[in-house]
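If you use the working numbering, the sequence shown corresponds to residues 50 to 437, in order.
Yeah, the Cβ is synthetic: ideal placement off N, Cα and C, and Gly gets one too.
Structure record follows, encoded as structure tokens.
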Amino acid sequence: MESFFRTVFISVLLTLVVFKSYGLKSLKSKYQRWNESSNRISVESLYLKAEIELSSTWSLGFVGIYDSISGATPTGKPASTSSNDWLAYLEEERTAGVLSLSRKGDVFDQTFDLGHSDEPDYLSRTFGYKLSRGFAEDTLIVSAGLSLQDDRVDSSVPGGPGLGIKDKRTPEFSLGLYRILNPKTTLAVNFAWSRPKGYLSDPYKQVGLTETLFPGDPALERDVFYLYPENRPDKRKTFVFYTQGVRYFEQTNSSLDASYRYFTDDAGLNGHTYELSWLKRMGEKFIIQPIGRLYMQDAADFYMTTLDGSSITPSVQPDGTGPYYSADYRISALKTSSFGIKLTYFPKENLSFDLSFDRYHMRGTDGVTSQLVYPDANVLTLGFQWEI
């Protein structure tokens with residue numbers, strides 16, 4: 050990790066030296082640490098974003114991301130307080146980057162994206178295109194986008210089905226509207242449709258079934274709980290609706306930011322996210338921003354804690370065809386809430402530093418899944434932004 054930060058620091062210096070002559074417009078960086086309770090998952094992330102002005106109409110953007118992940122995560126075996134065999138330890142690193150080329154036209158603005166993400170068991174490449182146009186002196190902006198995510202998943206990890214490297218592709222279409230309603234109020238509305246196809250299971254997740262060995266033999270008969278790789282559908286349809294409103298209050302020199310996100314798919318997984326934040330300027334150099342979020346979701350149709358009591362005969366190498374089953378708590382019925390506060394300091398008009406802390410709380414709502422699998426977490430974020 051130390052060598053990585055040294056590399057990033059040198060890269061930032063090179064970016065400033067090399068690209069300053071090419072019109073470096075902005076530089077933004079964030080460091081985040083996610084710590085779950087009970088020694089569960091810990092994630093350290095570093096994010097770097099730079100924007101370069103190539104000409105009066107063309108600009109180039111770059112985003113670099115590094116994640117270091119370690120800790121224990123549920124495998125799908127029912128949780129127990131007497132042992133930790135329902136947890137699997139993992140430790141891995143991920144590097145990702147997105148290159149964006151943008152053009153401002155007389156009528157349309159266009160952006161071309163190329164992304165790459167690499168980790169030991171997962172390779173992802175993303176291609177995207179976005180088109181936008183302003184109306185009524187840019188008080189209304191309409192945008193549309195297309196993207197394709199092309200992934201390679203290693204299914205031969207411990208506990209996985211051992212099918213080798215599997216493909217996964219996700220095309221997505223998005224449509225957005227941004228409207229300035231008046232000098233103090235803005236409204237954004239976005240829609241997105243995606244159709245993932247291929248290997249959509251998580252190779253690390255398993256589901257259990259109790260089987261009776263040597264039935265009828267008084268000396269040898271016993272029950273054994275076997276674990277099998279999960280089997281999710283190899284096709285999926287998803288839809289996302291998102292809206293955000295921002296209102297500025299001149300008397301208090303503050304603004305209210307409220308948003309709502311709705312997610313649904315064809316497997317009964319429905320999610321609702323509500324977020325509310327209050328941005329308050331404290332003098333000339335400080336902004337304080339309390340933030341609250343609430344998320345609620347229904348369980349996927351094929352979620353079950355075990356296969357006991359079902360008529361399903363699991364496969365050791367499921368291929369994405371029915372019957373479907375998963376004990377991954379992330380697709381169970383659950384509720385999460387988080388509360389945080391962010392402080393931003395402006396030593397200069399074009400330079401800012403920010404510090405935020407969030408407390409994350411998750412609970413299951415189906416009355417069946419053990420609450421042990423749902424983590425709480427503390428999230429610390431440090432960042433800066435420089436508009437050049």
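T355 beta carbon less than 8 Å from that of V273: no
* Asked: Ends of the beta strand (DSSP E) at P267?
  -> Segment: none, P267 is in no beta strand (DSSP E) and carries neither H nor E.
Subject >> Start-to-end residues for the beta strand (DSSP E) that takes in P339 >> reply: F335 to Q346
Which two residues bound the contiguous beta strand (DSSP E) that contains I437?
For I437, there is no enclosing beta strand (DSSP E), as DSSP marks it with neither H nor E.
Spatial distance of L95 from I361 (CA atoms)
43 Å
Could you tell me the alpha carbon to alpha carbon distance between R182 and I190, rounded to whole angstroms?
Approximately 6 Å between the Cα atoms of the pair.
> At which residue ranges does the region 222 to 290 contain complete beta strand (DSSP E) runs of 3 or more residues, listed in the order of the chain?
Replying inline: 234 to 243, 255 to 262 and 271 to 278
* Asked: Can you give the Cα-Cα distance for L318 and L103, rounded to whole angstroms?
  -> 44 Å
Quiz item: Does the distance from the C-beta atom of G113 to that of G146 stay below 8 Å?
Solution: Using a Cβ distance threshold of 8 Å, G113 and G146 count as a contacting pair.
* Asked: Do you know how far the Cα of G194 is from the Cα of A348?
  -> Their backbone Cα atoms lie some 29 Å apart in a straight line.
Review point. Which first and last residues belong to the beta strand (DSSP E) in which V147 is found?
Key: L136 to K153
From what residue to what residue does the beta strand (DSSP E) around S117 run?
W107 to P123
Span of the beta strand (DSSP E) holding S386? L383 to K397
Do the CB positions of A99 and A121 come within less than 8 Å of each other?
-> no
(message) Here's a check: name, in chain order, each residue in its chain whose Cβ is nearer than 6 Å to the Cβ of S401, leaving out the five neighbours to either side.
(response) Apart from sequence neighbours up to five positions away, the residues of its chain that approach S401 with a beta-carbon distance below 6 Å are T393, F395 and Q434, ordered along the chain.
* Asked: By DSSP, does V417 sit in helix, in strand, or in coil?
  -> coil
Quiz item: Do K246 and K284 come within 8 Å of each other at the CB atom, strictly closer than that value?
Solution: yes
Using the three-state DSSP reduction, which class does R201 fall into: helix, strand or coil?
Strand, per DSSP.
Suppose you measure from the CA of F222 to the CA of E270; what does that come to, to the nearest Å? 56 Å
Between the C-alpha atoms of E51 and V428, what's the straight-line distance to the nearest angstrom?
In this predicted model, E51 has a pLDDT of only 49, less than 50, meaning its place in the structure is not dependable; the value taken from the coordinates is given anyway. Distance between the alpha carbons of E51 and V428 is about 21 Å.
> By Cβ distance below 7 Å, which residues in the same chain neighbour F53 in space, the five residues on each side in sequence not counted?
Replying inline: With a pLDDT of 49 at F53, under the threshold of 50, the modelled position of this residue cannot be trusted, and the question is left open.
| Per-residue DSSP class, three states only, for I90 | coil
Self-check item: Nearest candidate by alpha-carbon position, reference T235, set R296, G208 and T313
Solution: R296
I361 - DSSP class collapsed to helix/strand/coil: coil
How big is the Cα-Cα spacing for I337 and L328? Distance between I337 and L328, taken at the CA atoms: about 6 Å.
- Query: Going by the beta-carbon positions, is the gap between D200 and K179 smaller than 8 Å?
  - Reply: no
Applying the criterion that 16 or more other CB atoms from any shown protein chain within 10 Å of the CB defines a buried residue, is A268 buried or exposed? exposed
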